[in-house]
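Line by line, the protein sequences give chains A and B.
Using the working numbering, read the first sequence as starting at 11 and increasing by one per residue.
Using the working numbering, read the second sequence as starting at 372 and increasing by one per residue.
Note that beta-carbon positions come from the ideal geometry of N, C-alpha and C, so glycine has one too.
Input: a single structure, listed below in structure tokens.
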Amino acid sequence: MKDVYMDNAATTQVKKEVVESMIPYFTENYGNPSSIYKKGRNSKKALDESRDLVARTLGATSREIYFTSGGSESDNWAIKGVAFGNKDKGNHIITTKIEHHAVLHTCEYLERNGFNVTYLDVDKYGMINLDDLKNAINDNTILITIMYANNEVGTIQPIKEIGKIAKENNIYFHTDAVQVIGNIEIDVDELGVDLLSLSAHKFYGPKGIGALYIRKGVKLHPYIHGGAQERNRRAGTENVALIVGLAKALELAYEDLESHNKYLIRLRDRLINGIMDRISNVKLNGHIEKRLPGNVNISIEFIEGEALLLSLDMAGIAASSGSACTSGSLDPSHVLLAMGLPHEIAHGSLRLSLGDFNSEEEVDYVIENLTKIVQRLRDMSPLYENVKGDN
Amino acid sequence: MYSEKVMDHFTNPRNVGEIEDADGIGQVGNAKCGDIMKIYLKIENDIIVDIKFKTFGCGSAIASSSMATELIKGKTINEALKLTNKAVAEALDGLPPVKMHCSVLAEEAIKSALKDYSEKSGVIIEELKDFEPKEDHH
């Protein structure tokens, strides 16, 4: 049975070197970093070195890196922390309609607690309009939170330009960079971001660990009360082993960014072209160029996404879909709907996200099997009857 | 998440296709919600001698269509009218709660096809006089 994992935007396989880097911090150096004896000091040293590495990679200082449990926590903290910490200045937040739910639901929570939120539209490629952003700013705006790249369709936003607008208007700028780390070079100063979320399991690190970059001087509320850890802002004994794993994964990810990107783009374009050549009535979702190297998102007309995923799974292929049946809600993907896709097309969406462990042979296997599966489901679909004659 | 029966009927659906000179055709659901079921009936002497389906939808929608057609093939109109969505779900060894509407769709698709047969053939089916499928099941 084949085992083809093409859901790397959901999570990734942990690299062997990363696993090995963590083991000593479970077995020998398990001391609490707050303890003064040797075991504790060893942990503290690993913690400090990990923090330094994350800081260096982002172009930040170590005092600006805060470890969290992952992307969702980082997003929650950045947004709630800035909102409640700057209530005296204003109560308006700007975001987009295509954010991750960790951002959207946090914003909705704040709306129920006295804040106003503007959700910017996107165009058919999933791109925001900078004039819309400028027009949305008012005297009460305290935070702009816009994702660096979208998790579903891979569209990359003009973060630098957004950062410039935020700075000109003296507004804090947070970006959810969870999908971008390990795919794009990051320099927080160059980008003009004040807060940035990242999560280790998206770049071949462990789950349950992430970080939030908080620019020095940004006013924000602490997230967890109860201890002096993370500069009194996020209490709780540090997850040393996983933090070491995060740092190792980050180091590996930026060691050879160029060849990683080249490789993924080659696989991605082979996959897109193969699907387009073999299957009719298919549309690529997202931006053609401003797109994450590993992202393929397509809408396949006349079939439904969950049936597609079940069939792919039977062929040993792991993928995801924006269909309502897979989202656990009644509506298909909010991202695809915001991009103007009709419901029926959004139901038939498929995301194949490539990673370092995928091969050209796997890409060909997916193209081959997807073609057969789509034909089988279309032969069952009453929507396809009227189209067959036209082909 | 799905029973083995659901997966079996999804993988090897029974009675897929169309009947060219069908005596009754019923279609329910809509593409916006992500599921459409279309049922074709061939009826002789009040007996469903052949039945085919076409479905756009998730795994449980396809499995529900397949099971429903299997349950009423060869049965009388009266017996087919008694088919409930619960019976379809039970025959599949259950459906997840969020997927129960798929079995409702199957029941209604069959009733719609029978109603169409009644209207075309003039055979009065008292039970379907006021039957209207709910377009949107969500």
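Considering only the alpha carbon of each residue, which of A:GLY332, A:MET349, A:GLU371 lies closest to A:GLY358? The residue you call residue 358 of chain A lines up with position 348 of the first sequence. Closest by alpha carbon: A:GLY332.
Closer than 7 Å by beta-carbon distance: list the chain B residues that pair up with A:PHE312, in chain order. Locating residue 312 of chain A in the first sequence gives position 302, where the first residue counts as 1. Within chain B, the residues near A:PHE312 are PHE427.
Listed from N- to C-terminal order along the chain, which residues in the region 377 to 409 of chain B have their beta-carbon within a distance smaller than 9 Å of any beta-carbon of chain A? Against chain A - using a Cβ distance shorter than 9 Å - the residues of the region 377 to 409 of chain B are MET378, PHE381, THR382, PRO384, VAL387, GLY388, GLU389, GLN398, ASN401, ALA402, LYS403, CYS404, GLY405, ASP406, ILE407, MET408, LYS409.
Using only the alpha-carbon positions, how far apart do A:ASP186 and A:ASN96 sit? The residue you call residue 186 of chain A lines up with position 176 of the first sequence. The residue you call residue 96 of chain A lines up with position 86 of the first sequence. A:ASP186 and A:ASN96 have their C-alpha atoms roughly 20 Å apart.
7 Å Cβ cut-off: residues of chain A touching B:GLY430: For the purposes of this step, residue 430 of chain B is taken as the residue at position 59 of the second sequence. Near B:GLY430 (Cβ distances below 7 Å), the residues of chain A are GLU316, ALA317, LEU320.
Less than 8 Å between CB atoms is the rule here; does B:ALA460 satisfy it with respect to chain A? Numbered from its first residue, the second sequence carries residue 460 of chain B at position 89. It does not; no Cβ of chain A falls within 8 Å.
Report yes or no: is there a C-beta of chain A within less than 8 Å of the C-beta of B:ILE433? Translated into positions along the second sequence, residue 433 of chain B becomes position 62. Under the 8 Å criterion on CB atoms, B:ILE433 is classed as interfacial with respect to chain A.
Roughly how many angstroms separate the alpha carbons of A:ALA328 and A:ILE253, rounded to a whole number? Walking along the first sequence from the start, residue 328 of chain A turns up at place 318. Walking along the first sequence from the start, residue 253 of chain A turns up at place 243. If you draw a straight line from the Cα of A:ALA328 to the Cα of A:ILE253, it is about 28 Å long.
Quick check on the DSSP output: the beta strand (DSSP E) that includes B:GLU415 runs from which residue to which? Counting from 1 along the second sequence, the entry for residue 415 of chain B is found at position 44. Per DSSP, B:GLU415 belongs to the beta strand (DSSP E) from 406 to 415.
Using a C-beta cutoff of 8 Å, does A:ALA334 count as contacting chain B? Stepping through the first sequence from its first residue, residue 334 of chain A is reached at position 324. Output row for A:ALA334: interface = yes.
Counting only Cβ pairs nearer than 8 Å, list the residues of chain B close to A:MET324. Taking the first residue of the first sequence as position 1, residue 324 of chain A is located at position 314. Those are THR382, listed as they occur along chain B.
Exposed unless 16 or more other CB atoms sit within 10 angstroms - verdict on B:ILE495: As a first step, residue 495 of chain B is located in the second sequence; it is residue number 124 there, counting from the start. Exposed is the call here.
Closest Cβ-Cβ distance between A:GLU162 and chain B: below 8 Å? Mapped onto the first sequence, residue 162 of chain A falls at position 152. Chain B contact via Cβ: absent.
Determine, using beta carbons only, whether A:GLY390 and B:ILE396 come nearer to each other than 8 Å. Along the first sequence, one-based indexing puts residue 390 of chain A at 380. Along the second sequence, one-based indexing puts residue 396 of chain B at 25. It should be noted that the sequence gives Met, not Gly, for residue 390 of chain A. Going by C-beta atoms, A:MET390 is not nearer than 8 Å to B:ILE396.
Between the alpha carbons of A:ASN86 and B:SER489, how many angstroms are there, rounded? The residue labelled residue 86 of chain A in the question sits at position 76 within the first sequence. The residue labelled residue 489 of chain B in the question sits at position 118 within the second sequence. Distance between the alpha carbons of A:ASN86 and B:SER489: 59 Å.
Determine the direct distance from the alpha carbon of A:ILE154 to that of A:GLY227, and round the result to whole angstroms. What you label residue 227 of chain A is simply residue 217 of the first sequence in a count that begins at 1. What you label residue 154 of chain A is simply residue 144 of the first sequence in a count that begins at 1. Each residue's Cα considered, the two are about 17 Å apart.
Would you be able to state if there are at least three C-beta pairs under 8 Å between the region 238 to 245 of chain A and the region 258 to 268 of chain A? As far as the Cβ criterion goes, the region 258 to 268 of chain A does not touch the region 238 to 245 of chain A, which means the pair count is below three.
What do you reckon, is the C-beta of A:VAL384 under 7 Å from a heavy atom of the ligand FMN? This structure lacks the ligand FMN, and indeed carries no ligand of any kind.
For A:LEU393, I'd like the list of residues in its chain whose CB is within less than 7 Å of its CB, leaving aside the five on either flank, ordered along the chain. Working through the first sequence from its first residue, we reach residue 393 of chain A at position 383. Excluding positions up to five away in sequence, the list reads PHE312.
Quick one: list the residues of chain B neighbouring A:MET349, beta-carbon separation under 7 Å, in chain order. Within the first sequence, residue 349 of chain A is the residue found at index 339, counting from 1. Within chain B, no residue comes near A:MET349; the closest Cβ sits about 17 Å away, beyond 7 Å.
B:ASP501 classed as buried or exposed, judged by whether at least 16 other C-beta atoms fall within 10 angstroms: One-based indexing of the second sequence puts residue 501 of chain B at position 130. So B:ASP501 counts as exposed.
The alpha helix (DSSP H) spanning A:TYR76 covers which residue range? Translated into positions along the first sequence, residue 76 of chain A becomes position 66. According to the DSSP assignment, A:TYR76 belongs to no alpha helix (DSSP H) but to the beta strand (DSSP E) extending over 75 to 78.
Taking just the CA atoms, how far does A:SER45 sit from A:ARG51? Along the first sequence, one-based indexing puts residue 51 of chain A at 41. Along the first sequence, one-based indexing puts residue 45 of chain A at 35. Put simply, the backbone Cα of A:ARG51 is about 7 Å away from that of A:SER45.
Below 8 Å CB to CB, which residues in the same chain sit around A:ASP128 once its five sequence neighbours on both sides are set aside? By 1-based counting over the first sequence, the position of residue 128 of chain A is 118. Position check: residue 128 of chain A holds Thr in this sequence, whereas Asp was assumed. Cβ neighbours of A:THR128 beyond the five flanking positions: HIS102, ILE103, ILE104, THR105, ALA146.
Residues in its own chain within less than 6 Å of B:ILE448 by CB, not counting five upstream and five downstream? Walking along the second sequence from the start, residue 448 of chain B turns up at place 77. Once the five neighbours on either side are set aside, the close Cβ partners of B:ILE448 are ASP417.
Determine the DSSP secondary structure at A:GLN385, reduced to helix, strand or coil. Along the first sequence, one-based indexing puts residue 385 of chain A at 375. It is helical.
In chain B, which residues lie with their C-beta within 9 Å of the C-beta of A:SER309? Within the first sequence, residue 309 of chain A is the residue found at index 299, counting from 1. For A:SER309, no chain B residue has a Cβ inside 9 Å of its Cβ, as the nearest lies near 13 Å away.
Just to confirm the assignment, what range does the alpha helix (DSSP H) spanning A:TYR209 have? Here the question's residue 209 of chain A lines up with position 199 in the first sequence. It is worth fixing the name first, because residue 209 of chain A is Ser in this sequence and not Tyr. A:SER209 -> not in any alpha helix (DSSP H); beta strand (DSSP E) instead, spanning 205 to 209.
What in chain B is Cβ-close to A:HIS353, meaning under 8 Å? Here residue 353 of chain A refers to the residue found at position 343 of the first sequence. Near A:HIS353 (Cβ distances below 8 Å), the residues of chain B are ALA402, LYS403, CYS404, GLY405.
Flag A:LEU393 as yes if its beta-carbon sits less than 8 Å from any beta-carbon of chain B, otherwise no. Here residue 393 of chain A refers to the residue found at position 383 of the first sequence. Yes, its Cβ sits closer than 8 Å to a Cβ of chain B.
May I ask you to report which of helix, strand or coil DSSP gives A:SER60? Position 50 of the first sequence holds residue 60 of chain A. In the three-state DSSP reduction, A:SER60 falls in the helix class (H, G or I).
Please list, in chain order, all residues of the same chain as B:MET438 whose beta carbon is under 7 Å from its beta carbon, the five residues on each side excluded. Translated into the one-based positions of the second sequence, residue 438 of chain B becomes position 67. Sequence-distant Cβ neighbours of B:MET438 in its own chain, meaning closer than 7 Å and more than five residues away, are HIS380, VAL459, ALA462, LEU463.
If you draw a straight line from the C-alpha of A:LEU318 to the C-alpha of B:ASN383, how long is it? The sequence position of residue 318 of chain A within the first sequence is 308, counting from 1. The sequence position of residue 383 of chain B within the second sequence is 12, counting from 1. If you take the alpha carbons of A:LEU318 and B:ASN383, they lie about 15 Å apart.
In three-state DSSP terms, what is A:ASP279? The sequence position of residue 279 of chain A within the first sequence is 269, counting from 1. For A:ASP279, the secondary structure class from DSSP, reduced to helix, strand or coil, is helix.
Which residues mark the beginning and the end of the alpha helix (DSSP H) in which A:PHE94 is found? In the first sequence, counting from the first residue as 1, residue 94 of chain A sits at position 84. Here the alpha helix (DSSP H) through A:PHE94 covers 81 to 95.
Distance, A:GLY202 Cα to A:LYS177 Cα: For this step, residue 177 of chain A is matched to residue 167 along the first sequence. For this step, residue 202 of chain A is matched to residue 192 along the first sequence. Roughly 7 Å between the two C-alpha positions.
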